[in-house]
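Working notes for the structure below.
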Amino acid sequence: MSSRRFGFRDADFSIDEDDSIFGPRRLYNRTDEEIEEMIERVMTRMHELKRIFERAKGKKERSAAMEAARNWKALEGVNQALRWCLAEVGVAHPLY
């Protein structure tokens, strides 16, 4: 059994002098095209994770299936948040 350490990869929890209690400064300079490209990348990764999940489930590799399902669910939230940012019709607020 591997001694895998759980944590936030590439997460930076430091607070700079420029940050306020209200969060970081935002530039709001992403174009709709950039956000749509992000959605495409998320959807591609979700399809990959679904294949990984199905393969792992078929081979009875429970931990791999659970990891794929967990990552798929996280990307589902990312997808909804990005679509909400574009004000797509029928997309509910991602936090509720």
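In this note's numbering, the protein residues as written are 2 to 97.
Heads up, the beta-carbon is just placed ideally off N, CA and C, and yes, glycines get one too.
As the structure is a prediction and not an experimental result, all values here were calculated from the model.
{"Item": "Measure the CB-CB distance between residue 72 and residue 44 and report whether it falls below 8 Å.", "Value": "no"}
{"Item": "Over the uninterrupted alpha helix (DSSP H) stretch that includes residue 43, give me the two end residues.", "Value": "33-59"}
{"Item": "Between residue 95 and residue 77, what straight-line distance do the alpha-carbon atoms span, to the nearest angstrom?", "Value": "10 Å"}
{"Item": "Can you check whether the CB of residue 50 is closer than 8 Å to the CB of residue 65?", "Value": "no"}
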